[in-house]
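J.: First, the structure itself, so that you have it in front of you.
Number of protein chains: 2
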Amino acid sequence: MANLKYSRQRAAIKEYLSSTLDHPTADTVYLHIREEFPNISLGTVYRNLNLLADMGEAVKISTPDGGDRFDGCTVPHYHVVCQSCGRVFDLKVDERYMQEMNELADQYFEGSVAAHTALFYGICKDCGGS
Amino acid sequence: MANLKYSRQRAAIKEYLSSTLDHPTADTVYLHIREEFPNISLGTVYRNLNLLADMGEAVKISTPDGGDRFDGCTVPHYHVVCQSCGRVFDLKVDERYMQEMNELADQYFEGSVAAHTALFYGICKDCGGS
DNA sequence: ATAATTATAGTAATCATTATCGTTATTATG
DNA sequence: CATAATAACGATAATGATTACTATAATTAT
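Residue numbers (the numbering used here), protein chains in the order written: chain X, 1 to 130; chain B, 1 to 130.
Right, dumping it as structure tokens:
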């Protein structure tokens with residue numbers, strides 16, 4: 001299980017994710033990491049992004065249009081996608097509130113519920129959202 | 001805008017979506033509609049599913065793995081994806097609760113929020129979820 | 001130092017989805 | 001009703017995102 005070797009590429013990808021509030025796609029990460037590792041392969045970026053997500057050191061976000069996005073912030077929070085510019089923003093809410101949502105869902109669902117994600121749709125302030 | 005013509009294929013797709021509680025992918029819809037229209041094209045299925053979604057007569061659901069899914073139920077509700085079998089289930093909650101979520105998000109977000117989706121992760125009762 | 005093993009770069013392959021285009025179905029009009 | 005106008009279709013090619021493959025390089029263990 002712990003048969004995992006260090007790699008500078010993976011470290012750079014994790015570092016980059018931690019340093020930005022954007023929610024870059026794999027391709028955006030690729031273009032950025034390329035500045036430090038000009039020969040890095042897009043496949044390496046995908047492999048490491050998924051590795052980080054599997055290890056809980058990053059979060060994968062699926063939006064209805066465009067490719068998946070990645071978030072280096074691993075404390076539970078929601079996201080807002082701007083319907084005008086398409087950017088994705090963090091939306092921190094009280095974690096107790098999120099936990100209550102899980103419990104509510106667990107009550108209503110015939111089975112068990114452990115976690116959830118939420119994606120809000122709106123207009124960011126740059127695009128005129130009041 | 002209303003330059004929309006009737007088509008038997010689209011009617012059949014809408015009928016199928018309305019008749020099932022599953023949340024089929026475009027490919028699943030294709031395989032099913034094919035029984036009635038053996039020559040229907042996958043492109044036609046995609047085009048009509050997106051048309052229905054744009055008109056508000058169906059809902060497109062993005063999950064982190066696999067293709068998008070479609071839901072003929074258009075009253076606002078959440079979804080639960082079973083982490084064991086991968087099926088997607090409806091989770092109806094009081095609409096007032098969903099509206100409160102929007103208002104809460106609107107308060108915290110620097111911009112405006114109009115709607116949201118939520119995807120819960122759990123284990124369905126067929127897979128042993130208590 | 002060297003053996004063992006994981007990660008990489010480069011590239012091909014796959015999967016989901018959309019675009020193109022000549023033909024067909026539906027609707028509007030004379 | 002006949003036919004013109006137009007949207008939808010089926011077939012297929014093209015695209016975009018992601019994964020798989022493989023020989024080489026980097027990391028870790030002996």
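Positions of the beta carbon are idealized from the N, C-alpha and C atoms, including for glycine.
Nothing here was measured: the structure is a model prediction, and the numbers come from that model.
(1) Where residue 97(X) and residue 69(B) are concerned, what is the direct C-alpha to C-alpha distance, given to the nearest angstrom?
(2) Taking just the CA atoms, how far does residue 120(X) sit from residue 53(B)?
(3) Please state whether DSSP places residue 84(B) in a helix, a strand or coil.
(4) How is the alpha helix (DSSP H) around residue 132(B) delimited, first residue to last?
(5) Closer than 9 Å, CB to CB, is residue 63(B) near chain X or not?
(6) Could you tell me which of 125(B), 34(B), 35(B) sits nearest to residue 84(B), measuring between CA atoms?
(7) Candidates 15(B), 74(B), 104(B), 89(B): which alpha carbon is nearest residue 80(B)'s?
(8) Cutting at 7 Å between CB atoms, please list the residues of its own chain near residue 129(B), excluding the five before and the five after it.
(9) Tell me which same chain residues have a C-beta within less than 8 Å of the C-beta of residue 74(B), skipping the five on either side of it?
(10) Quick one: which chain X residues come within Cβ less than 9 Å of residue 17(B)?
(11) So what does DSSP say about residue 27(X), is it helix, strand or coil?
T.: Reading from the atomic positions:
(1) Each residue's CA atom was taken as its position, placing residue 97(X) and residue 69(B) some 28 Å apart.
(2) CA-CA distance, residue 53(B) to residue 120(X), rounds to 18 Å.
(3) In the structure shown, residue 84(B) sits in coil (DSSP, three-state: anything other than H, G, I, E or B).
(4) Here chain B has residues from 1 to 130 only, and residue 132(B) is not among them.
(5) Cβ-Cβ to chain X under 9 Å: yes for residue 63(B).
(6) The residue among 125(B), 34(B), 35(B) with its C-alpha nearest the C-alpha of residue 84(B) is 125(B).
(7) For the residues 15(B), 74(B), 104(B), 89(B), the minimum Cα distance to residue 80(B) belongs to 89(B).
(8) Excluding residues up to 5 positions away in sequence, 122, 123 lie with their Cβ nearer than 7 Å to the Cβ of residue 129(B) in the same chain.
(9) Correct list, in chain order: 56, 57, 58, 59.
(10) The premise fails here: residue 17(B) is roughly 17 Å from chain X at the closest Cβ pair, so nothing lies under 9 Å.
(11) DSSP, reduced to helix, strand and coil, places residue 27(X) within a helical segment of the structure shown.
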